[in-house]
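K.L.:
Mapping to the working numbering: the sequence shown position 110 is 95, numbers consecutive.
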Amino acid sequence: MTRSGPKDPLQARLLAMMVLRAAIALAFLGISSWFQLRVSTHSEINFHPLYAVVIAIASLTIVYALLIKRVSNLRLFSYVQIAVDTALITAIVYVTGATQSYLQTLYPLAVIGGAILLNRRGGYFAASLASISFGVLVDMDLYGMLPMKYMVFYAPPAALAWKDALTTVSSNILAFFTIAYLTGYLAERMARVERALEEREVDLDKLSRLNRHIVENITSGIMTLDDGMRITSFNREAENVTGYSIREVYGRQVNDIFPDMISPGAALSQPESRVERGFRKKGGEEMYLGFTVSRGQGGDVARIVIFQDLTRLKEMEERIRRDVKLRALGELSVGIAHEIRNPLASISGSIQLLKEDLHLNAEDRRLIDIATRETERLNSLVTDFLLFAKPAQRNADLVDLNLIISETMELFKNSPDAAALRLESDMEKDIFVKGNSRQLGQIFWNLFLNAAHAMRDGGRVMVSAHAVDKAASGRGARGDNSPSPPFAKGGIVEITVADTGEGIKPEHINRIFDPFFSTKDSGTGLGLAIVHRIVESHGGAIEVKSRAGSGTVFRITLPLARQGESCVRA
């Protein structure tokens, strides 16, 4: 036979009824025996039947306890117990005086037990058995058919008329079924309430699990704080964003993990507040977080903090802001550059003619040379304006990026700016992009020049170029996951230019691609702005990471050319 589950409600009621049955029966038996012992003579006492009933109750209780976990049909087992209980009560009534016994009141207890076990049907079953048993017992006592030798207490019965016997039996039967109906009704109501409570507990348990699942898998970090601003919970996304596990932050002050995030006198004075702060992950990575702080219910949940990683969003906002500014300045620069270039050409030509036609002394010739040199410098500046304003899209050839970088490095090594520098490279072979070779070379020339200015006392510049998959790099050619035709089916190339210079100050890093921004007295502030514009015009993206005193790393991503196109050796 299969075992019933330990949490079966009927099994629990059977166990309770077993204990209650034995306790009540023995208590009533002891009390009634003591009472009848006082009013009877010693010669009329026969304790052997009483001992037999007590032993039977104890034995059956042990048998029930052994069988209850082994039977598969608990309802049938319950019916058997009700029938056995009724038979035991009948025996108890018989041995304690039959119709003169005070323990006839045990029959209603059997009816109540049947209703508790099996609801109204069990009550009616117990009432029927009790009615039949009591009726037969009364009839046998009325006709003198009961053996007197098995009775514990015996007194000659008073004359019992049929009318009185019928009244006694009828009133008891009516009482049995009334008790069965009422107890069964209450038992069924109780069972319905229990089922409703169990369903409610199941629903609450499901809701609790669902709530935990949502909190653990939501894409925002969630943590709770107690009244002392100590961290009391930390969901999975909070661990991913910060790099700290719940074990590392539990019970610690929130400002130990998130410095200056919460100001008790300001941020928490409002019912709900929004805070944005810079944050350094456990591994040292700098990021930007946005926090929403709201009041909780108190205790361990005095404050609820929801936060998100805004680093990408801030970068995107900064990129959009810079692009808008660059486009506006570019459009303005185009008009200004053309207006300046035409007079410059006339001035330069006129100076050259004067220099050739006039007989100038040394001082005048020196002045003419200065004017020529400054004219050429101004013309170069105008050329940079035009390159920044609108990088040319013509001559978009398939070029070998490795070759472009190598040639630019060789040229730069021979320039005076590279005298104290050591240039190194680690480039993958056969990396092809589609673009303008002169403009691509301008990107690396300007980056090398920028690195040289940051390392006046010498240093190292490391250039690397490797093809990577878009999904692996985490961004597309335009700084997101969108494809850039005609390279939609290709990957991207990631180029890094790292130096060991003085680095960029935090207050300057967001402005280095702005036109005319320069930290050098002699700089025009267009070098990195031009780099940004060229990279953008080639469908790529550029970002910079730097820390003052620790060098700078520029990371450029460009779309790789599709296979099958012929390469023009630029």
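Glycine residues also receive a C-beta, built at the ideal position from the N, C-alpha and C atoms.
By the three-class DSSP mapping on this structure, what secondary structure does Lys419 have?
P.N.:
In the structure shown, the three-state DSSP call for Lys419 is strand.
K.L.:
Taking Gly561 as the reference, which of Thr84, Val226, Ser522 has the closest Cα?
P.N.:
The question about residue 561 has no answer, for the chain in this structure spans -14 to 555.
K.L.:
Please classify Pro470 as buried or exposed, where buried requires at least 16 other C-beta atoms within 10 Å of its C-beta.
P.N.:
Low confidence applies here, because Pro470 scores a pLDDT of 36, under 50, leaving its location unreliable; read the following figure in that light. Around the C-beta of Pro470, fewer than 16 other C-beta atoms lie within 10 Å, and the residue is accordingly described as exposed.
K.L.:
Within the same chain, show all residues whose beta-carbon is closer than 7 Å to that of Gly512, passing over the 5 residues directly before and after it, in chain order.
P.N.:
Excluding positions up to five away in sequence, the list reads Asn431, Leu434, Asn435.
K.L.:
What three-state label does DSSP hand His198 in the structure shown?
P.N.:
DSSP places His198 within a helical segment (H, G or I) once states are collapsed to three.
K.L.:
Whole angstroms is fine: what's the gap from Ser449's alpha carbon to Thr481's?
P.N.:
The straight-line gap from Cα to Cα measures roughly 5 Å.
K.L.:
Under the rule that 16 or more other beta-carbon atoms within 10 Å means buried, what is Met136, buried or exposed?
P.N.:
buried
K.L.:
Skipping 5 residues on each side, what residues in its chain have a beta carbon closer than 6 Å to that of Gly108?
P.N.:
Val96, Gly99, Ala100, Ala165, Thr168, Gly169
K.L.:
Determine the closest residue to Tyr64 out of Phe162, Ile207, Arg106, with distance taken between C-alpha atoms.
P.N.:
Arg106
K.L.:
Beta carbon of Arg280, beta carbon of Ala287: below 9 Å?
P.N.:
It is a contact, given that the beta carbons lie within the stated cut-off.
K.L.:
In this structure, how does DSSP classify Ser218 when only helix, strand and coil are distinguished?
P.N.:
strand
K.L.:
For a quick check, are the C-beta atoms of Asp484 and Arg445 less than 9 Å apart?
P.N.:
yes
K.L.:
Can you give me the C-alpha to C-alpha distance between Asp442 and Leu210, rounded to a whole angstrom?
P.N.:
51 Å
K.L.:
Judging by CA-CA distance, which residue of Asp70, Ala1, Glu224, Met125 is the nearest neighbour of Gly82?
P.N.:
Met125
K.L.:
Could you pull out every unbroken beta strand (DSSP E) segment of at least 3 residues lying fully inside the region 388 to 448, listed in chain order?
P.N.:
406 to 412, 417 to 420
K.L.:
Could you give the DSSP three-state label for Thr485: helix, strand or coil?
P.N.:
coil
K.L.:
For Glu359 and Val384, what's the separation of their Cα atoms in angstroms?
P.N.:
One alpha carbon belongs to Glu359, the other to Val384, and they sit about 35 Å apart.
K.L.:
Given a cut-off of 9 Å on the beta-carbon distance, is the pair Glu521 and Asp308 in contact?
P.N.:
yes
K.L.:
In chain order, what residues of the same chain lie with their CB nearer than 8 Å to the CB of Ile389, ignoring the 5 residues before and after it?
P.N.:
Ser422, Leu425, Gly426, Phe429, Ala555
K.L.:
Using a 10 Å radius around the Cβ and a threshold of 16 neighbouring Cβ atoms, would you call His344 buried or exposed?
P.N.:
It counts as exposed.
K.L.:
With burial defined as no fewer than 16 other Cβ atoms inside 10 Å of the residue's Cβ, what is the status of Ile541: buried or exposed?
P.N.:
buried
K.L.:
Measuring alpha carbon to alpha carbon, tell me which of Val48, Asn58, Ser118, Ser86 ends up nearest Ser68.
P.N.:
Reading off the sequence shown, one finds Ala at residue 68, where the question assumed Ser. Residue Ser118 is the option with its Cα nearest to Ala68.
K.L.:
Looking at the unbroken alpha helix (DSSP H) that takes in Gly275, where does it start and where does it end?
P.N.:
Gly275 -> not in any alpha helix (DSSP H); beta strand (DSSP E) instead, spanning 271 to 283.
K.L.:
Where do the ends of the alpha helix (DSSP H) carrying Asp124 lie?
P.N.:
91 to 127
K.L.:
Note the first and the last residue of the continuous beta strand (DSSP E) segment covering Glu528.
P.N.:
526 to 531
K.L.:
Can you name the residues that DSSP bridges to Val478?
P.N.:
Ala452, Leu543
K.L.:
Tell me which residue opens and which closes the beta strand (DSSP E) that Asp382 is part of.
P.N.:
382 to 385
K.L.:
Under the DSSP definition of a beta bridge, which residues are partnered with Val538?
P.N.:
Ala483, Lys530
K.L.:
Measure the alpha-carbon distance for Thr153 versus Gln85 and round it to whole angstroms.
P.N.:
12 Å
K.L.:
Provide the residue(s) that pair with Gly206 in DSSP beta bridges, ordered along the chain.
P.N.:
Phe292
K.L.:
Between the beta-carbon of Leu94 and the beta-carbon of Leu(-1), is there less than 9 Å?
P.N.:
no
K.L.:
Report the option in Glu302, Gly486, Ala223 whose CA atom is closest to the CA atom of Lys266.
P.N.:
Ala223
K.L.:
If you follow the alpha helix (DSSP H) that Leu61 is part of, which residue opens it and which one closes it?
P.N.:
59 to 80
K.L.:
Pick helix, strand or coil for Phe162, following the three-state DSSP scheme.
P.N.:
helix
K.L.:
Would Met440 and Asp411 be called neighbours here (beta carbons separated by less than 9 Å)?
P.N.:
no
K.L.:
From this set, Leu91, Asn364, Val478, which residue's C-alpha is nearest Ala8's C-alpha?
P.N.:
Leu91
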